[in-house]
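Peer 1: Handing you a structure now.
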Amino acid sequence: MKRTAIVYDPFHTHHTYPHHPENHRRVEETWALLQEDSILKHLIQVPSSPAPREAILRVHTPEYLERLEYVALTGGGHLDGDTYVTADSYEAALRAAGGLLNVTGRVLRGEADNAFALVRPPGHHALVNQGMGFCLLANVAIAARWAQDQFGVDRVLIVDFDVHHGNGTQDVFYADPSVLFFSTHQFPYYPGTGAAGERGAGPGVGTTVNVPLPPGVGDAGYLEAFRRILMPVARRFRPELILLSAGFDAHWQDPLAGMRLSIAGYAQLTAVVMELAEELCQGRLVAVLEGGYNLEVLAHNVLSSLRLLRGEADAVSDPFGPAPGAEREVAPLLEQLRRLHRLEDPPFYAIPH
Ligand SMILES: [Zn+2]
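Here the sequence shown stands for residues 1 to 353, numbered as in the UniProt record's numbering.
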């Protein structure tokens with residue numbers, strides 16, 4: 001069995017807002033399911049702590065960080081129509097990023113094989129100078145930079161299977177060939193970015209890989225996207241660490257989006273990412289929670305992910321089953337993307353060594 005680390009901090013429940021889909025119950029109910037299950041006693045429970053300021057400032061501007069702190073200190077407010085800040089949100093955001101850094105450190109020091117950060121607020125929409133889309137700090141981007149700075153990791157692969165495009169993560173690394181960002185997402189949809197033609201800029205051309213999917217794609221289409229696009233892209237890039245932006249809102253029961261993944265389907269995607277981590281970077285994989293707004297679906301997805309990360313044989317806990325009806329065909333789209341990213345050819349960008 002693998003040594004799997006988890007970080008969860010009850011403080012994350014202090015960041016909440018009435019009738020908002022991104023509320024405290026998401027992690028509270030997920031944690032309750034993990035407690036009912038026997039899994040927690042098999043996991044390395046890692047404490048949370050606020051991320052160091054210098055780690056955050058490698059991604060965000062000091063002006064934005066000060067503004068976020070000020071809004072919280074003055075009792076809270078909104079960064080945009082969707083994105084609330086409470087008096088506790090600054091601290092919660094620091095601990096979300098910091099908790100992720102703590103488990104990433106365990107993995108990079110060899111004290112754990114892989115990890116899951118059950119943290120919020122989520123991060124993949126947060127821009128360098130602006131929180132948005134329920135996200136305050138760009139957790140996964142901060143972790144990628146920190147792994148490079150503190151552990152000398154040269155190449156980080158970020159896989160994002162949240163139903164929304166991870167525009168914040170993409171922006172941070174758009175011109176940076178040392179971080180490969182791969183995202184599957186419903187398109188066109190919030191936040192509007194993530195077209196196939198967004199492939200990076202300057203030296204980073206080719207290290208942003210977007211798989212924009214029409215609504216209605218399910219387990220088979222997603223798995224094909226991971227096998228036909230992610231696998232060759234990852235093998236070409238040869239990451240030393242894989243981070244997974246684990247958003248579970250592409251599930252067919254999620255209230256915010258229109259995709260048709262099942263919990264078993266999500267598990268197959270995670271299994272592909274684990275296989276790549278095994279093959280390319282000694283299994284070093286750290287997942288961090290992003291979206292997922294059906295509370296029961298979210299909880300069972302996290303439980304299944306943790307069992308998979310540990311290497312349990314019967315990993316999937318799926319009370320919902322597969323989506324009813326037929327799913328949308330994506331083979332022609334995937335072939336176009338394979339040509340766009342020249343997946344039959346040798347690399348055409350300079351990979352840092
Ligand atoms: Zn999402």
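Yeah, the Cβ is synthetic: ideal placement off N, Cα and C, and Gly gets one too.
(1) Quick one: residues in its chain with C-beta nearer than 7 angstroms to the C-beta of threonine 30, no 5 flanking neighbours on either side, listed in chain order?
(2) For tyrosine 190, which residues of its own chain have a beta-carbon under 6 angstroms away from its beta-carbon, when the five flanking residues on both sides are left out?
(3) Could you compute how far the alpha carbon of leucine 180 sits from the alpha carbon of alanine 246?
(4) Going by CA-CA distance only, name the one from Thr61, Ala141, Val209 that's closest to arginine 338.
(5) Please name the residue or residues paired with methionine 132 in a DSSP beta bridge.
(6) What residue range does the alpha helix (DSSP H) around histidine 300 cover?
(7) Do you know offhand how far valine 103's Cα is from aspartate 149's?
(8) I need the boundaries of the alpha helix (DSSP H) containing phenylalanine 237, first residue and last residue.
(9) Given that a residue counts as buried once 16 or more other Cβ atoms are within 10 Å of its Cβ, and exposed if not, what is tyrosine 70?
(10) If you follow the beta strand (DSSP E) that glutamine 170 is in, where does it begin and where does it stop?
(11) For serine 89, which three-state DSSP category applies?
(12) Across which residues does DSSP place leucine 180 in a beta bridge pair?
(13) Measure from the alpha carbon of alanine 257 to the alpha carbon of each residue in Gly218, Ala234, Leu40, Gln130, then state which is nearest.
(14) Taking glycine 265 as the reference, which of Arg238, Pro255, Val286, Ala315 has the closest Cα?
(15) Is the beta carbon of asparagine 167 closer than 7 angstroms to that of threonine 61?
(16) Using alpha carbons as the reference points, say which of Ala313, Trp252, Tyr84, Val330 lies closest to proline 319.
(17) What separation, rounded to the nearest whole angstrom, lies between the Cα atoms of leucine 101 and histidine 12?
(18) Is the beta carbon of leucine 243 closer than 7 angstroms to that of valine 107?
(19) Does the beta-carbon of proline 177 have 16 or more other beta-carbons within 10 angstroms, so that it is buried, or is it exposed?
(20) So, is methionine 38 buried or exposed, given that buried needs 16 or more other C-beta atoms within 10 angstroms?
(21) When the Cβ atoms of the stretch 321–335 are set against those of the stretch 198–216, are three or more pairs found closer than 8 angstroms?
(22) Helix, strand or coil: which one does DSSP assign to tyrosine 17?
(23) DSSP three-state call for histidine 12: helix, strand or coil?
(24) Alpha carbon to alpha carbon, how far is glycine 152 from leucine 241?
(25) Here's the rule I'm using: 16 or more other beta-carbon atoms within 10 Å means buried, otherwise exposed. How should threonine 16 be labelled?
(26) Would you mind reading off the limits of the alpha helix (DSSP H) that contains proline 332?
(27) Beta carbon of phenylalanine 116, beta carbon of threonine 83: below 7 angstroms?
(28) In this structure, what does DSSP give as the bridge partners for histidine 185?
Peer 2: If we stick to the structure as given:
(1) Position 30 of the sequence shown, counted from the first residue, corresponds to residue 30. Once the five neighbours on either side are set aside, the close Cβ partners of threonine 30 are Leu118, Leu298, Ala299, Val302.
(2) The residue you call residue 190 lines up with position 190 of the sequence shown. Cβ neighbours of tyrosine 190 beyond the five flanking positions: His164.
(3) Translated into the one-based positions of the sequence shown, residue 180 becomes position 180. Translated into the one-based positions of the sequence shown, residue 246 becomes position 246. Leucine 180 and alanine 246: Cα-Cα distance of roughly 16 angstroms.
(4) Taking the first residue of the sequence shown as 1, we reach residue 338 at position 338. Arginine 338 has its Cα closest to that of Val209, out of Thr61, Ala141, Val209.
(5) Translated into positions along the sequence shown, residue 132 becomes position 132. Methionine 132 is bridged to Cys135.
(6) As a position in the sequence shown, residue 300 is number 300, starting the count at 1. Per DSSP, histidine 300 belongs to the alpha helix (DSSP H) from 295–310.
(7) The residue labelled residue 103 in the question sits at position 103 within the sequence shown. The residue labelled residue 149 in the question sits at position 149 within the sequence shown. One C-alpha to the other measures close to 16 angstroms.
(8) In the sequence shown, residue 237 corresponds to position 237, counting from 1. Here the alpha helix (DSSP H) through phenylalanine 237 covers 231–237.
(9) Here residue 70 refers to the residue found at position 70 of the sequence shown. Burial call: exposed.
(10) Indexing the sequence shown from 1 puts residue 170 at position 170. Note, glutamine 170: premise wrong, no beta strand (DSSP E); alpha helix (DSSP H) at 167–172.
(11) Sequence index remark: in the sequence shown, residue 89 carries index 89 (1-based). Three-state DSSP puts serine 89 in a helix.
(12) Locating residue 180 in the sequence shown gives position 180, counting from the first residue. DSSP output for leucine 180 lists Leu157 as bridge partner(s).
(13) For this step, residue 257 is matched to residue 257 along the sequence shown. Of the candidates Gly218, Ala234, Leu40, Gln130, the one whose C-alpha sits nearest the C-alpha of alanine 257 is Gly218.
(14) Against the sequence shown, residue 265 aligns to sequence position 265. With distances taken between Cα atoms, glycine 265 lies closest to Ala315.
(15) What you label residue 61 is simply residue 61 of the sequence shown in a count that begins at 1. What you label residue 167 is simply residue 167 of the sequence shown in a count that begins at 1. A distance of 7 angstroms or more separates the beta carbons of threonine 61 and asparagine 167.
(16) Working through the sequence shown from its first residue, we reach residue 319 at position 319. Nearest to proline 319 by C-alpha distance, out of Ala313, Trp252, Tyr84, Val330, is Trp252.
(17) Taking the sequence shown and counting its residues from 1, one reaches residue 101 at position 101. Taking the sequence shown and counting its residues from 1, one reaches residue 12 at position 12. Straight through space, the alpha carbons of histidine 12 and leucine 101 are spaced by roughly 16 angstroms.
(18) To locate residue 107, count along the sequence shown from 1; it is residue 107. To locate residue 243, count along the sequence shown from 1; it is residue 243. No, they are not a contact pair.
(19) On the sequence shown, position 177 is the one that residue 177 refers to. When all chains shown are included, proline 177 counts as buried.
(20) Position 38 of the sequence shown, counted from the first residue, corresponds to residue 38. In the sequence as presented, methionine is not what sits at residue 38; that position holds serine. So serine 38 counts as exposed.
(21) Verdict: yes, contact present.
(22) Locating residue 17 in the sequence shown gives position 17, counting from the first residue. The answer is coil: DSSP assigns tyrosine 17 none of H, G, I, E or B.
(23) Here residue 12 corresponds to residue number 12 of the sequence shown, with the count starting at 1. In the structure shown, histidine 12 sits in a helix (DSSP, three-state: H, G or I).
(24) Position 152 of the sequence shown, counted from the start, is the residue given in the question as residue 152. Position 241 of the sequence shown, counted from the start, is the residue given in the question as residue 241. Using only the alpha carbons, I get a separation of about 11 angstroms.
(25) Indexing the sequence shown from 1 puts residue 16 at position 16. With 16 or more other Cβ atoms within 10 Å, it is buried.
(26) As a first step, residue 332 is located in the sequence shown; it is residue number 332 there, counting from the start. That run of the alpha helix (DSSP H) goes 331–340.
(27) As a position in the sequence shown, residue 116 is number 116, starting the count at 1. As a position in the sequence shown, residue 83 is number 83, starting the count at 1. Cβ atoms of phenylalanine 116 and threonine 83: not closer than 7 angstroms.
(28) Start at 1 with the first residue of the sequence shown, and residue 185 comes out as number 185. Note: histidine 185 sits in a beta bridge opposite Pro212.
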